[in-house]
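J.: Going by my numbering, the first residue of the sequence shown is number 30, and it counts up by one from there.
Glycine included, C-beta positions come from ideal geometry on N, C-alpha and C.
As the structure is a prediction and not an experimental result, all values here were calculated from the model.
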Amino acid sequence: MSPQIACMLSMQLLFLLLCFKTFGGIPFKEDTQFSVLQIIHGEGYPPRKQRVFVDDKKMRLELLEGEKENIMIYRSDLGVIYSLMPNRKLCFVIPYSQELKEKDPITSNTLNNITPEGTETLNEIVCDKFDVVGSFGKAFLWISKENRSPIRLSSEDGKNVVDWINYQKGPQPPELFEPPKGYQIIDMSKNIPKKSTSSAPPNLSH
């Protein structure tokens, strides 16, 4: 499993809690407002750090790689994504396509089964361990027994691991989910080609 798939998997698990259905009784599904630092460890790749902020149908994902910082704000309530480039003060507004709706990390879900696997201790934290299955295959999830927050996600072979640090429940500042003041707004919907509904062009030959 590549780091990209590990990232997708971590998002799917985090945002299961925003669904109103019950998927095997996942223990933190009631959390719809929280922030967390997640660190993705992939075999052959340096660790990747991401800050995540969630408030109902709004999510902010900050990708931290060296001196670069890219920010994606998912607004399922509006059907758009704000892609921020802080170093250039640019905000790209990207409308949800049908394909994007299906991959929306807030409202989409591909998990089929969540099964308790007992209790384990990670970094001196007593956790409930779960077996999770989805389109990505099989993985393991650890939840703190004390406060029911997610602690770790691992691929079945252990080569890809996501650690969640400083999981904080509660409402998030509204400004985190809006384009910052002073940014140039670029509406990408104007650059998306629309399907033509006209018939074939007439034959202009004489």
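Would you tell me roughly how many angstroms separate the C-alpha atoms of residue 101 and residue 113, rounded to the nearest one?
T.: Spanning the two alpha carbons is a distance of roughly 6 Å.
J.: Work out the CA separation of residue 213 and residue 173 for me, nearest whole Å.
T.: Going from the Cα of residue 173 to the Cα of residue 213 covers about 42 Å.
J.: Compute the beta-carbon to beta-carbon distance between residue 200 and residue 84, rounded to the nearest angstrom, for a pair I have assumed lies under 8 Å.
T.: Going by Cβ atoms, the distance from residue 200 to residue 84 rounds to 6 Å, so yes, they are a contact pair.
J.: Can you find the residues in the same chain that come closer than 6 Å, C-beta to C-beta, to residue 80, ignoring five residues on each side of it along the sequence?
T.: Hits under 6 Å: 66, 91.
J.: By Cβ distance, which residues of its chain are closer than 6 Å to residue 149, with the 5 residues on each side in sequence left out?
T.: Excluding positions up to five away in sequence, the list reads 156, 158.
J.: Please state whether DSSP places residue 185 in a helix, a strand or coil.
T.: Of the three classes helix, strand and coil, the one that applies to residue 185 here is coil, per DSSP.
J.: Assuming residue 194 contacts residue 68 under a Cβ cut-off of 8 Å, what Cβ separation, rounded to an integer in Å, is found between them?
T.: Contact flag correct, Cβ pair sits at about 7 Å.
J.: Assign residue 218 to one of three DSSP states: helix, strand, or coil.
T.: Residue state, collapsed to three classes: helix.
J.: Give the secondary structure of residue 179 by DSSP, where H, G and I count as helix, E and B as strand, and everything else as coil.
T.: Three-state result, residue 179: strand.
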